[in-house]
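Numbering-wise (my numbering), the sequence shown opens with residue 19 and increments by one.
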Amino acid sequence: MTAAKLDVHRLSGDSLRSIAAGGASEADLLLLRSAQRSQLLLVLRALLDRVDETARSTRHPGGVSGQTAWQLLCTVEERAPEALESVLADPTVMAWALRLLRRLSGSVAGTPSAAPLWADLGQFHALAAAAALRAGVPCALRVPAHRGMVWLPGAGMAGPVARRRWSEAEIRVDAAGAVVNGELGKSVLPRIRPARLPGWLPLRMLRDEDGVTELGPWLDTVSPYRDFTRYPRSPDRSDDGRLQVWETRLAGAYALLDRESPAEAATLRALVRALVPRSLSKAERGLVASASSLDAFGVITLSLPHDETQTAAILVHETRHQQLNALLSLVELVRTPVDSDGVSTGRRLHYAPWRSDPRPVGGLLHGVFAFAGVGRFWLTHRRHVTGTEARRADLEFAVLREQLREAVAALLTDEDLTEQGRLFAGEIAHLVAAWQDDEVAAAPAALAHHYCALRRAVWRARHLEIPTSVADRFARAWAAGAAAPALPPSTLRPRPDLIRLDTFGPLARLRLSAPTAFARRRRRADKAGEPALRAGYAAVAGDAEQAALGYAEWTAQDPWDPEAWIGAVLALPDPARRADAALLLDRPEAVVGVLRALAAAGGGCPAPDELARWLGGNSA
Numbered sequence: 019m020t021a022a023k024l025d026v027h028r029l030s031g032d033s034l035r036s037i038a039a040g041g042a043s044e045a046d047l048l049l050l051r052s053a054q055r056s057q058l059l060l061v062l063r064a065l066l067d068r069v070d071e072t073a074r075s076t077r078h079p080g081g082v083s084g085q086t087a088w089q090l091l092c093t094v095e096e097r098a099p100e101a102l103e104s105v106l107a108d109p110t111v112m113a114w115a116l117r118l119l120r121r122l123s124g125s126v127a128g129t130p131s132a133a134p135l136w137a138d139l140g141q142f143h144a145l146a147a148a149a150a151l152r153a154g155v156p157c158a159l160r161v162p163a164h165r166g167m168v169w170l171p172g173a174g175m176a177g178p179v180a181r182r183r184w185s186e187a188e189i190r191v192d193a194a195g196a197v198v199n200g201e202l203g204k205s206v207l208p209r210i211r212p213a214r215l216p217g218w219l220p221l222r223m224l225r226d227e228d229g230v231t232e233l234g235p236w237l238d239t240v241s242p243y244r245d246f247t248r249y250p251r252s253p254d255r256s257d258d259g260r261l262q263v264w265e266t267r268l269a270g271a272y273a274l275l276d277r278e279s280p281a282e283a284a285t286l287r288a289l290v291r292a293l294v295p296r297s298l299s300k301a302e303r304g305l306v307a308s309a310s311s312l313d314a315f316g317v318i319t320l321s322l323p324h325d326e327t328q329t330a331a332i333l334v335h336e337t338r339h340q341q342l343n344a345l346l347s348l349v350e351l352v353r354t355p356v357d358s359d360g361v362s363t364g365r366r367l368h369y370a371p372w373r374s375d376p377r378p379v380g381g382l383l384h385g386v387f388a389f390a391g392v393g394r395f396w397l398t399h400r401r402h403v404t405g406t407e408a409r410r411a412d413l414e415f416a417v418l419r420e421q422l423r424e425a426v427a428a429l430l431t432d433e434d435l436t437e438q439g440r441l442f443a444g445e446i447a448h449l450v451a452a453w454q455d456d457e458v459a460a461a462p463a464a465l466a467h468h469y470c471a472l473r474r475a476v477w478r479a480r481h482l483e484i485p486t487s488v489a490d491r492f493a494r495a496w497a498a499g500a501a502a503p504a505l506p507p508s509t510l511r512p513r514p515d516l517i518r519l520d521t522f523g524p525l526a527r528l529r530l531s532a533p534t535a536f537a538r539r540r541r542r543a544d545k546a547g548e549p550a551l552r553a554g555y556a557a558v559a560g561d562a563e564q565a566a567l568g569y570a571e572w573t574a575q576d577p578w579d580p581e582a583w584i585g586a587v588l589a590l591p592d593p594a595r596r597a598d599a600a601l602l603l604d605r606p607e608a609v610v611g612v613l614r615a616l617a618a619a620g621g622g623c624p625a626p627d628e629l630a631r632w633l634g635g636n637s638a
């Protein structure tokens, strides 16, 4: 916080290779953390230059003095540097600071704050007050209160001390603790705060399965800047029973990683400081979602996973994103092409097998690195388990092995990778290549191959197309009874409106991990009479006859849904799969385009597989 010179952070080529291969050393992880701390200090210093001037223009009584806050932080650093570090280690401080800096700079990037400007500015005082409280440094500051709650970074929320949505409170700190006064009343906080205290909502430190040893991160349900898309947020009033479910599941996941994947466990502990529970909508019920953000190094948001194994896999995945976010502040792995006005002109979008939308090279790189970590987790986990858990691990590993092989190959063709980026991707490619000969049980292997082929073909049908003029030429050739011309390459035309939730993957996981539950749900689906659902269950079960019937009904119900055509081809037993019908898997967008051209011309439309057979006669 003082005028001392910031550290210079340099990453060696050996460290870059080690991180890419999943072998980051303790020194590598310390470098990533240190670089992020330096970035936070730079952001705070940049805020200091703007806060006082902006506060004067808001005309809010009381105002905010950035200099006052900064001097108090410097005093804390001199008297109790560990107290300052504890507060700055709260990753939501960076989230607040970066978003406020963008707001003051007039940037439109990201979600706008729902707080009045004076309140966002006033969190500078809250930051200083939290550090002073930890250090026992006397002070008196005006701080914002959101719905009566006052934020103390790295500790929790005090209040309620007011009723209004936004108000000001005063916090007075002395050697014994603090008193927060507001228009409704006050909260008294001792310097050493117990877990339970009236007027106090703490960050919940996670502990191991025995409830003794701290695991490192906290469970954050209270910080106003914990959400990546909506802020500030009020504290989540989840009851203790619900939070204990979270704590038990997370503790189990940490224990599993310690036993089976100690390198991933060490990285998780080194980089992740806060875990934020998130809720899903009714439409997303049964799914699990997680996220990381460039704005909040050290924060992972996630919905409640189904079990400790899935929790561990998600933590590995998101920790990889944390690593790469920190790494990208030190080394450029992807160029950002710009035009003469400095506007980004990123050229290519790619198929990322785990995503339903086309991704730029930076997003593909993130996915490849994150899922390489998850793939290694499942590779290791399958050696520690038996029975249904082993079949589940086989499926997850086989899916990621195939997806990563395809994705990393595409990544290495992108000209926007820098030399360091190519080195980084190459290390991952070597890792994935070494997995290809690992033996996987027959049922998981077959489901994994089916799933990957389905996702790839459906993605092509949604986001690729042949030019209209080409489709019209093919339609005329079909109508004339002529041979199909050679198919030209397709072009990308993203269609986010066509994306829908994946169903095959969750059903495949259910069949292998809980076959009785799968059979029960399949019977319910059969009775419900929904063709798409019935076809999906039958395909996952390997019931080719029922799958064919289901896909035929689906096509009759919605003749223009290519997912039904693709599913019907994939459900055929391998010996029965005609080579010409493979075009429905390799170039489904061509079938879609020509069928639409035939319909527009007013002629009769053949069945998709019949047209694919014709097109496949001369496809390039």
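Cβ atoms here follow ideal geometry from the backbone N, Cα and C, with glycine treated the same way.
These numbers come from a predicted model, not from an experiment.
C-beta atoms of residue i and residue j nearer than 7 Å
i: Gly286; j: Leu333; result: It should be pointed out that residue 286 corresponds to Leu in this sequence rather than to Gly. Yes, they are a contact pair.
i: Thr319; j: Arg296; result: yes
i: Val386; j: Leu430; result: no
i: Leu159; j: His143; result: yes
i: Leu116; j: Asp245; result: no
i: Leu530; j: Leu413; result: yes
i: Glu282; j: Leu275; result: yes
i: Ala589; j: Ala565; result: yes
i: Leu139; j: Val82; result: yes
i: Ser607; j: Leu482; result: Sequence inspection shows Glu at residue 607; the Ser mentioned does not correspond to that position. Yes. Within cutoff.
i: Leu441; j: Arg480; result: no
For residue i, three-class secondary structure by DSSP
i: Asp456; result: coil
i: Ile517; result: coil
i: Glu437; result: helix
i: Arg15; result: Here the chain covers residues 19 to 638 and nothing more, so residue 15 does not appear.
i: Thr93; result: helix
i: Val361; result: Summary for Val361: the model assigns pLDDT 46, below 50, so the residue's position carries little reliability, and this model does not support an answer.
i: Gly620; result: coil
i: Arg372; result: Note that residue 372 is Trp in the sequence shown, not Arg. Reduced to three states, the DSSP call for Trp372 is coil.
i: Gly234; result: strand
i: Thr72; result: helix
i: Ala42; result: coil
i: Arg244; result: coil
i: Arg260; result: helix
i: Thr509; result: strand
i: Glu183; result: Per the sequence presented here, residue 183 reads as Arg, with Glu not at that position. If DSSP states are grouped into helix, strand and coil, Arg183 belongs with coil.
i: Pro580; result: helix
i: Glu350; result: coil
Residue i - containing beta strand (DSSP E), residue span
i: Ile318; result: 317–320
i: Pro208; result: 204–208
i: Met175; result: 174–176
i: Val403; result: From DSSP, Val403 is part of no beta strand (DSSP E); its letter is neither H nor E.
i: Pro162; result: 157–164
i: Pro295; result: 292–295
i: Arg152; result: Unbroken run through Arg152 is the alpha helix (DSSP H), 135–153; no beta strand (DSSP E).
i: Gly568; result: First-last for Gly568: 562–575, but that is the alpha helix (DSSP H), not the beta strand (DSSP E).
i: Leu170; result: 168–170
i: Ala504; result: It is not in any beta strand (DSSP E) - Ala504 carries neither H nor E in the DSSP assignment.
i: Val198; result: 195–199
Sequence-distant residues of the same chain with beta carbon closer than 6 Å to residue i, five excluded per side
i: Pro549; result: Gly568, Glu571, Trp572, Gln575
i: Phe395; result: Ser279, Ala331, Val334
i: Asp434; result: Val352, Arg353, Val379
Cut-off 7 Å between Cβ atoms - residues of its own chain near residue i, not counting five sequence neighbours on either side
i: Ala150; result: Leu90, Val94, Cys157, Val191
i: Ala187; result: Val161, Ala163, Val168, Val179, Ala180, Val198, Asn199, Gly200
i: Ala87; result: Phe142, His143, Leu145, Ala146
i: Leu422; result: Val386, Phe389, Ala390, Gly393, Val450
i: Glu326; result: Arg267, Gly270, Ala271, Leu274
i: His384; result: His339, Leu342
Chain C within 7 Å of residue i, Cβ atoms only
i: Trp496; result: Considering every chain present, this structure includes no chain C. It has just one protein chain.
Limits of the unbroken alpha helix (DSSP H) element including residue i
i: Val558; result: 549–559
i: Arg540; result: 533–546
Whole-Å CB distance - residue i paired with residue j, under 8 Å assumed
i: Leu289; j: Thr247; result: No, Leu289 and Thr247 are not in contact; Cβ-Cβ is about 22 Å, not under 8 Å.
i: Pro162; j: Gln141; result: 6 Å
i: Trp236; j: Ala292; result: 6 Å
i: Ser104; j: Gly172; result: 5 Å
i: Val306; j: Gln340; result: At roughly 18 Å, the Cβ-Cβ gap does not stay under 8 Å, so Val306 and Gln340 are not in contact.
Chain-order list of residues whose beta-carbon lies under 8 Å from that of residue i (same chain, five-residue window excluded)
i: Tyr469; result: Val417, Phe522, Gly523, Ala526
i: His27; result: Leu49, Ser52, Ala53, Ser56, Leu348
i: Pro506; result: Ile484, Pro485, Val488, Ala638
i: Asp520; result: Ser374, Arg473
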